[in-house]
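Enquirer:
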Amino acid sequence: MDGLGLLGDPTRRAIFELLARRPSTVGELAQQLPITRSAVSQHLRVLKDGGLVVSQAEGTRRIYRLNPDGVTALRAYLDRVWAEALTAFGKTAQAAPTDPEQEDQ
Amino acid sequence: MTSTPTIPPLTGTLTIDAPAEQVFRTFTDAFGSWWPAEYHIGQADMATAILEPREGGRWYEQGTDGSECDWGRVLTWEPPHRLVVTWQINGHWQYDPDPAHASEIEVRFTADGPEQTTVELEHRRLERLVDGQALRDGITGGGGWPSLLELFAKAATNQT
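Listed in order, the protein sequences are those of chains A and B. Sequential numbering from 1 applies to the first sequence in this note's numbering. Sequential numbering from 1001 applies to the second sequence in this note's numbering.
1. In terms of residue numbering, what span does the alpha helix (DSSP H) encompassing Trp1034 (chain B) cover?
2. Could you check what DSSP says for Trp82 (chain A) in three-state terms: helix, strand or coil?
3. Give me the residue from A:Ala73, A:Glu58 and A:Arg22 with the minimum Cα distance to Glu1127 (chain B).
4. Given a threshold of 16 other Cβ atoms within 10 Å of its Cβ, counted over all protein chains shown, does Asp1065 (chain B) qualify as buried or as exposed?
5. Decide yes or no for the touch test of the stretch 79-88 of chain A against the stretch 50-59 of chain A: beta carbon pairs closer than 8 Å, at least 3 of them.
6. By the criterion of Cβ-Cβ separation under 7 Å, what are the contact partners of Arg12 (chain A) in chain C?
7. If you reduce the DSSP assignment to three classes, tell me which class Arg1125 (chain B) lands in.
8. Short of 8 Å in beta carbon distance, which residues of its chain neighbour Cys1069 (chain B), apart from the five on each side in sequence? Order them along the chain.
9. Exposed or buried, which one is His1092 (chain B) when buried takes at least 16 other CB atoms within 10 Å?
10. Tell me the rounded alpha-carbon separation between Ala1045 (chain B) and Gly8 (chain A).
11. Listing by chain order, which chain B residues have their CB less than 8 Å from the CB of Asp79 (chain A)?
12. Label Gly1056 (chain B) either buried or exposed according to how many other C-beta atoms from any shown protein chain fall within 10 Å of its C-beta, with 16 as the threshold for buried.
13. Please tell me whether Ser1147 (chain B) has its Cβ less than 9 Å away from any Cβ of chain A.
14. List the residues of chain A whose Cβ lies closer than 9 Å to the Cβ of Tyr1095 (chain B), in chain order.
15. In three-state terms, what does DSSP make of Gly1012 (chain B)?
16. If we ignore side chains and look at the alpha-carbon of each, how far apart do Ala1020 (chain B) and Thr1011 (chain B) end up?
17. Given the structure, does Gln1094 (chain B) come close to the ligand FMN, in the sense that its CB is under 8 Å from one of the ligand's heavy atoms?
18. Quick check on Ala1049 (chain B): buried or exposed, where buried means 16 or more other Cβ atoms within 10 Å of its Cβ?
19. Quick one: which residues of the stretch 45-63 of chain A get their C-beta closer than 7 Å to a C-beta of chain B? List them in chain order.
20. Just confirm the distance between the C-beta atoms of Ala1018 (chain B) and Glu1078 (chain B), as a whole number of angstroms; I'd bet it's less than 8 Å.
21. Starting from the Cα of Gly27 (chain A), find the closest Cα among A:Arg21, A:Glu17, A:Ser38 and A:Ala20 and give me that residue.
22. Starting from the Cα of Ile35 (chain A), find the closest Cα among A:Glu58, A:Ala76 and A:Ile15 and give me that residue.
23. Only counting the same chain, and skipping five residues up and downstream in sequence, which positions put a Cβ closer than 7 Å to that of His1123 (chain B)?
The structure is reproduced here in structure tokens:
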């Protein structure tokens, strides 16, 4: 699975994945990551410039979320979903016992 | 607006030390046992996800509260070699019932030997998901749909 250039940076990818699970503010993202709020803001700017993320003011808060109409965001997100799902599938399929209907004896 | 460019499909391959029949069954019958539970669209937490074992079968999640949310439909059911399902979850993480907005996932299971199977997955026609969204929401101005396509084209070209 290929990643798109903007998600090559592990911190940016972490931010992207957190936003995929829940729209968040800069502060909420910073709480979940070992980086400062200003570092989070910088990464968000790059993601926003690249069309992966959009933001919206709600009262005094600014909420960031994945760009729902973005081709890049959708493809990048599905790329992550499948990478994770196929890894999980591989583990389960490998560990699955032999078909009970064809058990020896 | 010009015609929607095709978005390159997503592909993944893995090799599993088990017979094809077993791998196919794990993928389908036991779908809910391996699909990461955080990837669901219902309001309730996901209890399981079910892929009905027949052409035309439903592919859906079941919430812990008993609610059900469709994900897609089974288009091709050829155990233990091939499976094609639609993925009709759009960018807003909602099921889109319009078949014209359905992306497709094809999974091929190839026996490399009696105890080894290669699984190839392709998620294609992704533009249908976005196309449907853009049609419904209308085309937004700067920073919206057209510029994203340009960005995407650039990203796609830079990939090796």
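Just so it is clear, CB atoms sit at the ideal spot from N, CA and C, and this is done for glycine as well. Just so you know, these numbers come straight off a predicted model, no measurement behind them.
Expert: A quick look at the data gives this:
1. Phe1031 to Trp1034
2. helix
3. A:Ala73
4. exposed
5. no
6. Any reference to chain C falls outside this structure, whose protein chains are A and B.
7. coil
8. His1040, Ile1041, Gly1042, Tyr1060, Glu1061, Gly1063 and Tyr1095
9. exposed
10. The residue asked about is misnamed: residue 1045 (chain B) is Asp in this sequence, not Ala. Answer to the nearest angstrom: the Cα atoms are 30 Å apart.
11. Leu1010
12. exposed
13. Note that Ser1147 (chain B) scores a pLDDT of 34, beneath 50, so its modelled location is shaky; the value from the coordinates is reported in the next line. Chain A, which has a Cβ nearer than 9 Å to the Cβ of Ser1147 (chain B), makes this yes.
14. Near Tyr1095 (chain B) there are no residues of chain A at all, since even the closest Cβ is about 14 Å away, more than 9 Å.
15. strand
16. 19 Å
17. The model depicted lacks the ligand FMN and carries no ligand whatsoever.
18. buried
19. Gly50 and Gly51
20. Contact flag wrong, Cβ pair sits at about 18 Å.
21. A:Ser38
22. A:Ile15
23. Pro1009, Leu1010, Trp1087, Ser1103 and Ile1105
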